[in-house]
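*Asks:*
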Amino acid sequence: MPEKPARDHLLVVAGLVVASIGIWWRVWVTGHPTSTITCPCGDTAQGVWFQAWTAWAIAHLHNPFLSHAIFAGQGGANMLDNTSGIFPAILTAPITWLFGPIASFNVAATLAPVVSGWAFFAFARSVTNWLPGQLLGTALWAFSPFLIAGVVGGHFQITWLYFPPVAAWALHELFAGRRHPPLLAGTVLGLATVAQFFTGTEVLAMTVVIGTFGTLAALALSPREAWSHRRRIATGLGAAIALAAVLLAYPAWFALAGPRHIVGPVWADTPYFGSAPGGLLGPGHFVHASTATERLGGYFGPGGPAGQFLGPAILVALAVAAAAWYRSRLAWVAACTGIAGWACSIGVVVVGPSVVRAVEHHRPLPAPDWWLPWSWLSRLPALEEALPLRFCLFTTFSAALLLTISSEKVRSLGLSLWHRHSGHEPGRGSAALWSVVVTAAGAALLIPIASSYTFPLVMHPEPVPAWFEQTAPRLPDGTVVLAVPYPASPSVDAMAWQAVDTLHFRLVGGYADTPLADGRSAWAHSPTGPTLILDALSNPLFAPPEANPSTIATLSHALTGWHVQVVVVTNRAARPRQAVALLSEAVGRAPLRQQGAWVWYLSRHSLPARG
Numbered sequence: 030m031p032e033k034p035a036r037d038h039l040l041v042v043a044g045l046v047v048a049s050i051g052i053w054w055r056v057w058v059t060g061h062p063t064s065t066i067t068c069p070c071g072d073t074a075q076g077v078w079f080q081a082w083t084a085w086a087i088a089h090l091h092n093p094f095l096s097h098a099i100f101a102g103q104g105g106a107n108m109l110d111n112t113s114g115i116f117p118a119i120l121t122a123p124i125t126w127l128f129g130p131i132a133s134f135n136v137a138a139t140l141a142p143v144v145s146g147w148a149f150f151a152f153a154r155s156v157t158n159w160l161p162g163q164l165l166g167t168a169l170w171a172f173s174p175f176l177i178a179g180v181v182g183g184h185f186q187i188t189w190l191y192f193p194p195v196a197a198w199a200l201h202e203l204f205a206g207r208r209h210p211p212l213l214a215g216t217v218l219g220l221a222t223v224a225q226f227f228t229g230t231e232v233l234a235m236t237v238v239i240g241t242f243g244t245l246a247a248l249a250l251s252p253r254e255a256w257s258h259r260r261r262i263a264t265g266l267g268a269a270i271a272l273a274a275v276l277l278a279y280p281a282w283f284a285l286a287g288p289r290h291i292v293g294p295v296w297a298d299t300p301y302f303g304s305a306p307g308g309l310l311g312p313g314h315f316v317h318a319s320t321a322t323e324r325l326g327g328y329f330g331p332g333g334p335a336g337q338f339l340g341p342a343i344l345v346a347l348a349v350a351a352a353a354w355y356r357s358r359l360a361w362v363a364a365c366t367g368i369a370g371w372a373c374s375i376g377v378v379v380v381g382p383s384v385v386r387a388v389e390h391h392r393p394l395p396a397p398d399w400w401l402p403w404s405w406l407s408r409l410p411a412l413e414e415a416l417p418l419r420f421c422l423f424t425t426f427s428a429a430l431l432l433t434i435s436s437e438k439v440r441s442l443g444l445s446l447w448h449r450h451s452g453h454e455p456g457r458g459s460a461a462l463w464s465v466v467v468t469a470a471g472a473a474l475l476i477p478i479a480s481s482y483t484f485p486l487v488m489h490p491e492p493v494p495a496w497f498e499q500t501a502p503r504l505p506d507g508t509v510v511l512a513v514p515y516p517a518s519p520s521v522d523a524m525a526w527q528a529v530d531t532l533h534f535r536l537v538g539g540y541a542d543t544p545l546a547d548g549r550s551a552w553a554h555s556p557t558g559p560t561l562i563l564d565a566l567s568n569p570l571f572a573p574p575e576a577n578p579s580t581i582a583t584l585s586h587a588l589t590g591w592h593v594q595v596v597v598v599t600n601r602a603a604r605p606r607q608a609v610a611l612l613s614e615a616v617g618r619a620p621l622r623q624q625g626a627w628v629w630y631l632s633r634h635s636l637p638a639r640g
């Protein structure tokens, strides 16, 4: 096995940082990291809010698992039932405190390829010897379509992809390696499991599933070796399970049975959102879109999720390279897990703009066919909230590992053939030339993937409305604010404005998963009552609400029941004039006009301090 000088790791990290800054060029070079962002809307605004919430909870010694900063007067939201990315937010909390949540969001987004890529490099370095091949695999994993498509929207729970490589390293060390004590490998796996739980349970659950496939493949390929390591395996896995069980006992309870927990799946149609079988071949497009809805649909492209795209060249090359790697058991395990990930990612519905519209309007989708692997896996409790299309990340991981192994094996095979036919070892010049050829060929395989992106990423900054920038910070701490546009997908702007104001006020509603009275996810059901009315005033996809006494009474009762202290309507709403008319009737008086917004102060205690 090769040595692992710190220099190589530092150089790889530095290279990943430079490349990632290049992707976010319009943030770090031509923009301003404290205010420039892809779009302060939709999932991106939610990601900014999650950064702000975790930092606020730490600073105020508040339980980070439960927030009343959103859904104020409605019970709050359980953060562990949402994609809150607590672990990345903890690491970037100092940035949030010093420079604000947009800056920490941009740092976390920029670090996603760095953290993911370095974890893969460390694993590849432990199982292969040739540095250029390790760099090729690292580049594919760190800047894969799956990761780039997710990081644009701030999906840190599926883009801080350090756990699959760490888990692969630990399992390989326990089943086939003897370089480290089993307790060390088990401890690393246990701590990584805890970190992944607080990053995103979806990737954690999926890694367990695909890891099981990989373990079975390894056992089938080498049962005797596995049996000879049985004590080592039991010790390491036992340590990992025990450590994770102790550290996650309370958080797991909080997610499953704590305040405001969700019963059943978050999305009713989650089991259907999969990839097309040929999604590996089509790049799609996902960075050119300019609005939240277009961006959401564009993530996955017209012919299948862009996150699954690898291209025919790399698939053919890896298949041909089997002539060089067919004796490598690790390569066969990688191939088996890659196929398993691809099979699990196939769904009855390919996500796109038409599917997004169907979900937003709560139209039924067709049931998954019984023969799809996901139609069976989705019945497991830990997987009922996972999207099958995201299993394609393991296909990418396997492809990156196979690219690493194949590059090394092809280089060795070429040099061996040279020696066999010439009768002497190739000179330094010849060996270096062949190494350059293999490296260039491997890099060429990545060009179709890179060309499917827009570099640098497109930015669509929208300024914070003047009222939220100038007046909201002067409200008394904890003031309950009802904002229109009402914060629900895709009009999540108010959460971004609240986050930039460091959660100074509390917000009615929110873009987060919360339970209905029976504990089921509110996202899985059509909105009703005041939420439906406010959604219709905020979102052009909804039909406008009727201006009748029932509507007025519903809004008036909600303002009282939610303990609303300030109501503000901005021009960002889909129907601001109608919102002003209905809320004026519900409040019983006309609003004030302040900084381009319509505002009602419902008590003297909610008046802003003099500026």
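Numbered per my numbering, the sequence shown spans residues 30 to 640.
For every residue, glycine included, the Cβ atom is placed at its ideal position computed from N, Cα and C.
(1) At which residue ranges does the stretch 580-622 contain complete beta strand (DSSP E) runs of 3 or more residues, listed in the order of the chain?
(2) Name the one or two DSSP bridge partners that Pro573 has.
(3) May I have the straight-line CA-CA distance separating Ala501 from Phe534, to the nearest angstrom?
(4) Compute the Euclidean distance between the alpha carbons of Pro559 and Ser407, then round it to the nearest angstrom.
(5) Residues in the same chain with beta-carbon distance under 8 Å from Thr250, minus the five sequence neighbours each way, listed in chain order, please.
(6) With distance defined between alpha-carbon atoms, name the residue in Asp522, Pro505, Asp506, Gly507 nearest to Val513.
(7) Taking three-plus beta-carbon pairs below 8 Å as touching, is the stretch 214-225 in contact with the stretch 261-273?
(8) So is Ile434 buried or exposed if we call it buried at 16+ other beta carbons inside 10 Å?
(9) Which of helix, strand or coil does DSSP assign to Arg641?
(10) Which residues in the same chain as Ala342 place their Cβ atom closer than 7 Å to its Cβ, once the five residues preceding and following it in sequence are excluded?
(11) Is the Cβ-Cβ distance between Pro637 and Arg549 less than 7 Å?
(12) How should Val597 be labelled, buried or exposed, when 16 other C-beta atoms within 10 angstroms of its C-beta is the threshold for buried?
(13) To the nearest angstrom, how far is the alpha carbon of Ile562 from that of Thr580?
(14) Within the continuous alpha helix (DSSP H) that includes Val195, where are the two ends?
(15) With contact counted as at least three CB pairs below 8 Å, one residue from each stretch, are the stretch 110-127 and the stretch 80-92 in contact?
(16) What residues are listed by DSSP as bridge partners for Ile375?
(17) What do you reckon, are the CB atoms on Pro193 and Ala528 nearer than 7 Å?
(18) Which residues bound the alpha helix (DSSP H) around Leu566?
(19) From which residue to which residue does the beta strand (DSSP E) around Ala512 run?
(20) Out of curiosity, what's the CA-to-CA distance linking Leu40 and Gly590?
(21) Decide if the stretch 366-374 is in contact with the stretch 420-428; the criterion is three or more beta carbon pairs, one per stretch, under 8 Å apart.
(22) Nearest CA to the CA of Thr468: which residue from Ser96, Leu164, His38?
(23) Measuring only the C-alpha atoms, how far is Gly308 from Phe338?
(24) Do Leu442 and Phe302 have their beta-carbon atoms positioned less than 7 Å apart in this structure?
(25) Mapping DSSP to helix, strand and coil, what is Ser155?
(26) Counting C-beta neighbours from all protein chains within 10 Å, is the total for Leu446 16 or more, i.e. buried, or is it exposed?
(27) For Thr531, which of Thr59, Ser133, Gly311 has the nearest alpha-carbon?
(28) Counting beta carbon pairs with one atom in the stretch 239-247 and one in the stretch 284-298, are three or more of them shorter than 8 Å?
(29) Within 10 Å of its beta-carbon, does His258 have 16 or more other beta-carbons around it, so buried, or fewer, so exposed?
(30) Would you tell me roughly how many angstroms separate the C-alpha atoms of Asp506 and Thr230, rounded to the nearest one?
(31) If you draw a straight line from the C-alpha of Tyr279 to the C-alpha of Val144, how long is it?
(32) Who does Arg289 pair with in a DSSP beta bridge?
(33) Which residue or residues does DSSP assign as beta-bridge partners of Trp641?
(34) Run through DSSP, which three-state label would Ser96 get?
(35) Look at the Cβ atom of Tyr515, then the Cβ atom of Gly538, and state whether they are nearer than 7 Å.
(36) In the DSSP output, what is Asn520 paired with across the bridge?
*Replies:* On the basis of the coordinates in this document:
(1) 595-598
(2) Beta-bridge pairing links Pro573 to no other residue.
(3) 8 Å
(4) Distance between the alpha carbons of Pro559 and Ser407: 33 Å.
(5) Reading off the sequence shown, one finds Leu at residue 250, where the question assumed Thr. Closer than 8 Å at Cβ, skipping near neighbours: Arg358, Trp361, Val362.
(6) Asp522
(7) yes
(8) buried
(9) The requested residue 641 does not occur in the structure, where the chain is confined to residues 30 to 640.
(10) Leu474, Pro477, listed in sequence order.
(11) no
(12) buried
(13) One Cα belongs to Ile562, the other to Thr580, and the distance between them is close to 8 Å.
(14) 192-204
(15) yes
(16) Ser304
(17) No, these two residues do not count as a Cβ contact at 7 Å.
(18) 558-567
(19) 509-513
(20) 57 Å
(21) yes
(22) Leu164
(23) 6 Å
(24) no
(25) helix
(26) exposed
(27) Ser133
(28) Counting Cβ pairs under 8 Å, fewer than three are found: no touch.
(29) buried
(30) 33 Å
(31) 27 Å
(32) Arg289 pairs with nothing; no bridge assigned.
(33) The shown model of the chain, from 30 to 640, leaves out residue 641, and the question about it has no answer.
(34) strand
(35) Yes; because the gap between Cβ atoms is below 7 Å, this pair is in contact.
(36) Note on identity: in this sequence residue 520 is Ser, with Asn being the wrong assignment. Note: Ser520 sits in a beta bridge opposite Ala517.
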